[in-house]
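K.L.:
I am attaching a structure below and will ask some questions about it afterwards.
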Amino acid sequence: MNSDTLMNTAQTLVAGDKGILAMDESNSTCNRRFAAWGIPQTEERRRAYRELLVSTPGLDQSISGAILYDETIRQQLKDGTPFAQALTKAGIIPGIKVDTGAKNMAGFPGEKITEGLDGLRERLAEYVQMGARFAKWRGVIVIGDGIPSRSAIQANAHALARYAALCQEAGLVPIVEPEVLMDGEHTMQRCGEVTEEVLRTVFHQLYVQRMMLEGMLLKPNMVLPGLACPQQDTVDEVCEATIQCFRRAVPAAIGGITFLSGGQPAELASARLNAMNVRLASQTPWPLAFSFARAIQQPALEIWSGQDANGSAAQKALLHRAHCNRMARRGEYNA
Ligand code: 13P
């Protein structure tokens, strides 16, 4: 393991005002999003859509890295250039999602455990050969009646730490993503309590498994009220609850925080990120960046709608949302 390379990659991903474009939807998630807009769910349409994203001119002004999926890292632009190479040429660091999905956890109805550790060392070596320099693994925590259980939190934290250790061994910066879902009627306070417990457990496992914290990034949820909670807190309240939680549970040494958007409307995700950077960045030891999928891509996907003729309008929309989040990192976003 080369610690300097890992630290350098982690720092570059969150340097300045840039963030990460998550374009690593699994085939089933990508197909689900395509289906909602009547887009054919074929390998070729998925490839065409990812080509549109990767070849957006000027994307590197706001985007430092892009996370690919296994199918995507094996695909090419129409001219034959592999996506990972095209990104590198454009000044964007290629990354790769390496988990194989969140499955129902046996014995724990309603809870999930992420799979993908078997054979991971070999898969990581292959991804490194293909040009990846960082990786992502997402654990999913569900809030509901009597859940999450301690068992689900511990099992997911353990898997995240084992993944992260294998990444650093392979020379890849691990993005550690424990996502507490927004679905449900729970309050923001409950989300804060669960998120704090999850983060404490994850960082304990990372310690136990000898993670070099400077060479990793955390990709957390913001502390938010459930989507169906009658009380929807203000942007400032969300921002304060999120930062309070992280200050309590996240070590200062990590390379940075790259929020997921989790299904928040794109403008709201930017407004919340902006508020954190305006009001509280001076109180946190880490850069507060983004690693959004839907909050950057959704408007572009809707405009594209599977039609190549809409490509440049879709790229404009993608660039716009990427730029908005860059502004949010600077605390200069205007909805
Ligand atoms: P969202 O920003 O749409 O939550 O996606 C981020 C991600 O990578 C989920 O794993």
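Those letters in the sequence shown? Residues 123 to 457, per the numbering used here, in order.
C-beta: ideal position from N, C-alpha, C; glycine also.
What you are looking at is a predicted structure, and each value in this text was computed from that prediction instead of being measured.
(1) Under a Cβ-count criterion, where at least 16 other Cβ atoms within 10 Å of its own Cβ denotes burial, should Gln386 be classed as buried or exposed?
(2) To the nearest angstrom, report how far apart Arg322 and Gln290 are at their CA atoms.
(3) Taking only heavy atoms of the ligand 13P into account, decide whether any of them is closer than 7 Å to the Cβ of Ala144.
(4) What are the partner residues of Ala144, as DSSP defines its beta bridges?
(5) With C-beta atoms as the reference, is Cys367 less than 8 Å away from Glu307?
(6) Confirm the yes/no value for this check: CB of Gly385, any heavy atom of the ligand 13P, distance under 7 Å.
(7) Can you tell me the Cβ-Cβ gap for Thr380 and Leu339, rounded? I've got them flagged as a contact below 8 Å.
(8) Restricting to Cα atoms, I'd like to know which of Thr127, Asp139, Ala132, Arg243 is closest to Glu454.
(9) Looking only at C-alpha atoms, which of Phe256, Arg312, Leu288 sits nearest to Pro270?
(10) On the DSSP bridge assignment, give the partners of Trp426 in chain order.
(11) Tell me the rounded alpha-carbon separation between Ala224 and Glu147.
(12) Comparing C-alpha positions only, which one of Arg369, Leu175, His445 sits nearest to Trp408?
(13) Once you ignore the five residues that flank Gly213 on each side, which residues in its own chain have a CB closer than 8 Å to its CB?
(14) Taking 7 Å as the line, does the beta carbon of Leu382 fall inside it for any heavy atom of the ligand 13P?
(15) Given this structure, state the Cα-to-Cα distance separating Lys258 from Lys219, to the nearest angstrom.
(16) Check whether the Cβ of Glu193 sits closer than 7 Å to any heavy atom of the ligand 13P, and report yes or no.
(17) So the alpha helix (DSSP H) Ile263 belongs to, where does it begin and stop?
(18) Since Met252 and Ile195 are thought to touch, with beta carbons under 8 Å apart, how far apart are those beta carbons, to the nearest angstrom?
(19) Measuring from the CB of Ala417, is there a heavy atom of the ligand 13P at a distance below 7 Å?
(20) Just list the alpha helix (DSSP H) runs in the stretch 318-358, keeping only unbroken ones of 4 residues or longer that don't cross its boundaries, in chain order.
(21) Here's the rule I'm using: 16 or more other beta-carbon atoms within 10 Å means buried, otherwise exposed. How should Glu173 be labelled?
(22) Does the stretch 235-254 come close enough to the stretch 161-169 that 3 or more CB-CB pairs lie under 8 Å?
(23) Taking Leu440 as part of the alpha helix (DSSP H), name the residues at either end of that continuous run.
(24) Evaluate contact between the stretch 148-167 and the stretch 416-428, counting only Cβ atoms and requiring at least three cross-stretch pairs below 8 Å.
(25) Going by DSSP, what residue range makes up the alpha helix (DSSP H) through Leu382?
(26) Between the C-alpha atoms of Met310 and Cys361, what's the straight-line distance to the nearest angstrom?
P.N.:
Based on what the coordinates show:
(1) Counting other Cβ atoms within 10 Å of its Cβ, Gln386 reaches 16 or more and is therefore classed as buried.
(2) In this model, Arg322 and Gln290 are separated by some 21 Å (Cα to Cα).
(3) It does: the Cβ of Ala144 is within 7 Å (strictly closer) of some heavy atom of the ligand 13P.
(4) The secondary-structure analysis by DSSP pairs Ala144 across a beta bridge with Ile189.
(5) Not a contact, by the Cβ cut-off of 8 Å.
(6) For Gly385, the distance from the CB to the nearest heavy atom of the ligand 13P is below 7 Å.
(7) Correct: roughly 5 Å between the Cβ atoms.
(8) Out of Thr127, Asp139, Ala132, Arg243, Asp139 has the C-alpha closest to the C-alpha of Glu454.
(9) The shortest C-alpha separation from Pro270 is found at Arg312.
(10) Answer by DSSP bridge pairing: none, since Trp426 is not bridged.
(11) Those two C-alpha atoms are separated by around 13 Å.
(12) Nearest of Arg369, Leu175, His445 to Trp408, Cα basis: Arg369.
(13) Non-local beta-carbon contacts of Gly213 in its own chain, meaning distances under 8 Å to residues more than five positions away in sequence, involve Asp182 in chain order.
(14) Leu382: yes, Cβ under 7 Å from the ligand 13P.
(15) Whole-angstrom Cα-Cα distance: 5 Å.
(16) No heavy atom of the ligand 13P is found nearer than 7 Å to the CB of Glu193.
(17) Counting along the chain, Ile263 falls outside any alpha helix (DSSP H), though it belongs to the beta strand (DSSP E) covering 256-263.
(18) The pair is a contact, with the Cβ atoms about 5 Å apart (cut-off 8 Å).
(19) Yes - the ligand 13P has a heavy atom lying nearer than 7 Å to the Cβ of Ala417.
(20) Runs of the alpha helix (DSSP H) inside the stretch 318-358: none found.
(21) Result: buried.
(22) In short, these stretches do not touch, since the Cβ pair count stays below three.
(23) Element bounds for Leu440: 433-452.
(24) They touch, by the three-pair rule.
(25) Unbroken run through Leu382: none, as it is neither H nor E.
(26) Taken atom to atom, the span from the alpha-carbon of Met310 to that of Cys361 is near 11 Å.
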